[in-house]
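Here's the structure, in structure tokens; my notes come after.
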Amino acid sequence: MRKYVIMGVQGSGKGTQSVMLAHDLDLVHISVGDIFRWHVKSHTKLGAQVRRLVAAGELVGDDLVEDVVRDRLQLHDWNYGFIIDGFPRNRRQAEFFLESYDIDGVIHLDLPDEEVRRRVLARRLCSRCGMDYNLIAHRPETEGRCDVCGGDLVTRQDDTPDALARRLRDYHNKIDPVVELFRRKEYVMTIDARADKTTVQQTIRTRFNLPPYTPSHMDPVELPG
Ligand code: AMP
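Residue numbers for the sequence shown follow numbering that gives the first Met the number 0, so the first one is 0 and each next one is one higher.
Here you go:
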């Protein structure tokens with residue numbers, strides 16, 4: 000059984016690295032952001048409660064997040080373990096998590112703010128089908144047009160330089176104490192996330208003594224976050 004937490008600023012590749020790690024190690028990838036997005040898209044009661052916050056990239060209240068994480072982990076579908084992405088995001092969530100679950104390690108993807116700006120401000124979204132693009136890592140074939148449905152590509156509402164600067168400030172204020180808390184328990188491996196996705200994945204595996212990564216056709220394109 001392997002239980003990991005993956006942390007990193009927006010654009011650091013958390014989603015991509017989690018999927019690559021989960022795939023051949025049979026870990027369940029639990030993305031708290033994906034769970035919220037599913038609720039918003041499916042118009043559930045929870046979706047209505049979090050819709051505005053998720054759209055603005057602001058944090059959902061701790062009680063709600065902790066309920067979602069508890070319910071998700073209570074499914075116990077993670078026979079070989081899990082990798083949880085996007086949680087904990089602040090000190091209180093970290094304390095809740097440490098009281099309730101044992102973990103084997105924390106993967107801390109480290110990306111300088113300058114590189115975050117470059118990556119995040121290059122993100123585009125299809126206004127019709129919602130497909131994600133990135134003008135650095137995943138360019139559309141025709142500029143400004145979705146490869147899948149031909150819709151117009153737009154910038155996400157919350158991907159402006161001002162909004163990003165605010166989110167980065169907020170991220171550091173909240174996450175740095177979490178990293179410190181986990182570091183005291185000697186769980187944390189800080190990984191340089193500037194390299195390409197395969198190199199980052201290999202580094203994670205070497206640092207955690209995991210079997211080497213073998214690329215497969217299942218590999219994701221670069222995901223946001
Ligand atoms: P992510 O995909 O991880 O960036 O998450 C998308 C959105 O879901 C965030 O901007 C928050 O609104 C919400 N969210 C995800 N994880 C958490 C968390 N641990 N605490 C509070 N809000 C969260």
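Every residue, glycine too, gets a C-beta built ideally from N, C-alpha and C.
Under 8 Å Cβ to Cβ from residue i, same chain only, skipping five residues before and after it: list those, please.
i: I174; result: M6, V8, R88 and N89
i: L63; result: L45, Q48 and V49
i: D61; result: N89, R91, Q92 and F95
i: R144; result: G150, D151 and L152
Determine the direct distance from the alpha carbon of residue j to that of residue i, and round the result to whole angstroms.
i: G150; j: T43; result: 27 Å
i: Q156; j: D195; result: 27 Å
i: N78; j: D33; result: 21 Å
i: Q92; j: E65; result: 7 Å
i: D101; j: S17; result: 19 Å
i: P223; j: G12; result: In this predicted model, P223 has a pLDDT of only 49, less than 50, meaning its place in the structure is not dependable; the value taken from the coordinates is given anyway. Approximately 7 Å, taken between the alpha carbons.
i: D25; j: M19; result: 10 Å
i: D146; j: S30; result: 26 Å
i: E140; j: D131; result: 13 Å
i: P160; j: L58; result: 19 Å
i: E98; j: D84; result: 18 Å
i: E94; j: C148; result: 44 Å
i: I203; j: N133; result: 24 Å
i: L72; j: V178; result: 22 Å
i: Q201; j: V39; result: 34 Å
i: D70; j: F35; result: 13 Å
i: L52; j: T15; result: 23 Å
i: A136; j: A121; result: 9 Å
i: N172; j: R165; result: 11 Å
i: D23; j: D103; result: 18 Å
i: R123; j: A162; result: 16 Å
i: L304; j: E142; result: Missing from the structure shown is residue 304; the chain here goes from 0 to 224 and no further.
i: W37; j: K2; result: 23 Å
i: T198; j: L74; result: 33 Å
i: R138; j: T154; result: 14 Å
i: Y170; j: S41; result: 28 Å
In chain order, what residues of the same chain have a beta carbon less than 6 Å from the beta carbon of residue i, not counting five sequence neighbours either side?
i: A21; result: H28 and I82
i: G10; result: V115, R118 and V119
i: M0; result: G80
i: R206; result: M188
i: R168; result: none
i: D68; result: Going by the sequence as given, residue 68 is Val instead of Asp. If we look at V68 and ignore the five residues flanking it on each side, its Cβ neighbours are F86.
i: Y186; result: G104 and V105
i: P176; result: R90
i: D112; result: L167
For residue i, which residues of its own chain have a beta-carbon under 7 Å away from its beta-carbon, when the five flanking residues on both sides are left out?
i: A55; result: D157
i: D76; result: V27
Examine the ligand GTP and report whether any of its heavy atoms sits within less than 6 Å of the Cβ of residue i.
i: F35; result: Among the ligands in the structure shown, the ligand GTP does not appear; only the ligand AMP can be found there.
With contact counted as at least three CB pairs below 8 Å, one residue from each stretch, are the segment 118-128 and the segment 203-211 in contact?
no
Please list the segments of the alpha helix (DSSP H) lying wholly inside the segment 58-91, counting only runs of 4 or more residues, in order along the chain.
61-73
Below 8 Å, can you find three or more Cβ-Cβ pairs linking the segment 99-111 to the segment 181-196?
yes
Of all the alpha helix (DSSP H) runs that stay within the bounds of the segment 24-56, which reach a length of 4 or more residues?
Counting whole runs of 4 or more residues, the segment 24-56 contains the alpha helix (DSSP H) stretches 31-40 and 44-55.
So within the segment 113-173, which uninterrupted beta strand (DSSP E) runs reach at least 3 residues, ignoring any that extend past its ends?
122-125 and 131-133
Can you list the beta strand (DSSP E) stretches of 3 or more residues lying completely in the segment 184-223, in chain order?
187-191
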